[in-house]
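Peer 1: Here it is: the structure, laid out below.
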Amino acid sequence: MSRSLAGIQLQVLFTGVAANAVRWCTPWLQSCAPTASPKFQQPLGSPKHLVHMAANTDALVQQTPHGTALQFAPHSPLVGLILFLKGVPAFQLPLGFHRPCKIESG
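For the sequence shown, my numbering gives the first residue as 863, with consecutive numbering after it.
Here it is, written out as structure tokens:
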């Protein structure tokens, strides 16, 4: 969290943009789920709830012939949900779990 005035202003702007983008994307997100489950339909009505849930949920990103697949983790609130994001160039960065971290000075 930023303490500077400019940082706080940016944070407020990005929060507003994110909430509005989710509202605009709701019909598109519904088309990305091949099977509409109640667990997915309920948060679509509340952008704030959807952003909070998705931001705190683990998921796996994979490239498939149907598009980019976003599969939510088994312990998440959206367990079993797979979204196929057609035409979206997305990738998952490799995480350094189970590998030692080396910090070297230049």
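Ideal Cβ positions, reconstructed from N, Cα and C, are used throughout, including at glycine.
Given a cut-off of 8 Å, decide if residue 923 and residue 880 are closer than it, judged by their beta-carbon atoms.
Peer 2: Contact flag unset, no.
Peer 1: Can you find at least 3 beta carbon pairs, one from the region 863-874 and one from the region 928-940, that sit closer than 8 Å?
Peer 2: Contact fails: fewer than three Cβ-Cβ distances are below 8 Å.
Peer 1: What's the C-alpha gap between residue 891 and residue 945?
Peer 2: When rounded, the distance between both Cα atoms is 8 Å.
Peer 1: Applying the 10 Å Cβ sphere with the 16-neighbour rule, what's the burial state of residue 936?
Peer 2: So residue 936 counts as exposed.
Peer 1: In three-state DSSP terms, what is residue 929?
Peer 2: Residue 929 falls in the strand class under three-state DSSP.
Peer 1: Could you compute how far the alpha carbon of residue 901 sits from the alpha carbon of residue 940?
Peer 2: Answer to the nearest angstrom: the Cα atoms are 6 Å apart.
Peer 1: Taking the continuous beta strand (DSSP E) assigned at residue 945, which residues delimit it?
Peer 2: Here the beta strand (DSSP E) through residue 945 covers 944-947.
Peer 1: Below 8 Å on the Cβ atoms is my contact criterion, and I expect residue 943 with residue 895 to pass it. Report the Cβ-Cβ distance as a whole number of Å.
Peer 2: Right, their Cβ atoms sit about 7 Å apart.
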